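K.L.:
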Amino acid sequence: MVTFNYETSFELQGENLLEYWIDTVVSEEGFSIGEINYIFCDDEYLHKLNVEFLQHDTLTDVISFDNTLGKLISGDIYISVERVEDNAKDFEVSFLDELHRVMIHGVLHYMGYKDKSEEEKIKMRNAENKALSEFK
594 MVTFNYETSF ELQGENLLEY WIDTVVSEEG FSIGEINYIF CDDEYLHKLN
644 VEFLQHDTLT DVISFDNTLG KLISGDIYIS VERVEDNAKD FEVSFLDELH
694 RVMIHGVLHY MGYKDKSEEE KIKMRNAENK ALSEFK
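Whatever position you read off the sequence shown (first residue = 1), add 593 for this note's numbering.
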């Protein structure tokens, strides 16, 4: 089950379509969804989590807390809508394209994708691009 929660005035359109897309991506990787909670918030909200839980005193677009067990993925994915909006401008992409990338990025982490090394970043970006191409 995928749920969408809001700690800001932002609200997604087409939640059912997004849930179907996420489930498809997860299934194609040989996993299934337990419970994924998306929490959309602002910079201040996510910054507090970043400091408290990760000891990072920086702004970020997404933080995911992984509760995956084997092939059953679960967790909480916090997304700063403000950060996504700024990043979309910086990367010269639409807000929705950047939002969808961040949304699937958290899920890909649950399935074992990492992004610390350059090689890992390339694999993550390729997986993001593949997932995004299936949404359109």
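For every residue, glycine included, the Cβ atom is placed at its ideal position computed from N, Cα and C.
Here the structure is a predicted model, which means the values were calculated and not measured.
(1) Using 9 Å as the threshold, is the C-beta distance between V700 and I629 below it?
(2) Could you give the first and the last residue of the continuous beta strand (DSSP E) run that contains E628?
(3) For G627 and D683, I'd like the C-alpha separation in whole angstroms.
(4) Tell me which same chain residues have a C-beta within less than 7 Å of the C-beta of R694, skipping the five on either side of it?
(5) Can you tell me which residues form a DSSP beta bridge with L665?
(6) I need the DSSP call for S620, collapsed to helix, strand or coil.
(7) With distances taken from CA atoms, which of K664, G663, E675, F658 is nearest H698?
(8) How is Y671 classed by DSSP in three states: helix, strand or coil?
(9) Give me the residue from L611, M717, T617, L639 with the minimum Cα distance to E675.
(10) When you compare each of I666, E600, D679 to Y706 by their alpha carbons, which one comes out closest?
P.N.:
The structure says:
(1) In the sequence shown, the residue the question calls residue 700 occupies position 107. In the sequence shown, the residue the question calls residue 629 occupies position 36. Against a cut-off of 9 Å, the Cβ pair of I629 and V700 comes out as a contact.
(2) As a first step, residue 628 must be located in the sequence shown, where it is residue number 35. That run of the beta strand (DSSP E) goes 625-634.
(3) Taking the first residue of the sequence shown as 1, we reach residue 627 at position 34. Taking the first residue of the sequence shown as 1, we reach residue 683 at position 90. Approximately 34 Å, taken between the alpha carbons.
(4) Looking up residue 694 in the sequence shown gives position 101. E721, L725.
(5) Locating residue 665 in the sequence shown gives position 72, where the first residue counts as 1. According to DSSP, L665 bridges with S625, L662.
(6) Within the sequence shown, the letter at position 27 stands for residue 620. Three-state result, S620: helix.
(7) Sequence index remark: in the sequence shown, residue 698 carries index 105 (1-based). Relative to H698, the option among K664, G663, E675, F658 whose CA is nearest is F658.
(8) Your numbering for residue 671 matches position 78 in the sequence shown. The three-state secondary structure of Y671, taken from DSSP, is strand.
(9) Locating residue 675 in the sequence shown gives position 82, counting from the first residue. Considering only L611, M717, T617, L639, the residue with the shortest C-alpha distance to E675 is L639.
(10) Along the sequence shown, one-based indexing puts residue 706 at 113. Distances from the CA of Y706 to each of I666, E600, D679 were compared; the closest alpha carbon is that of I666.
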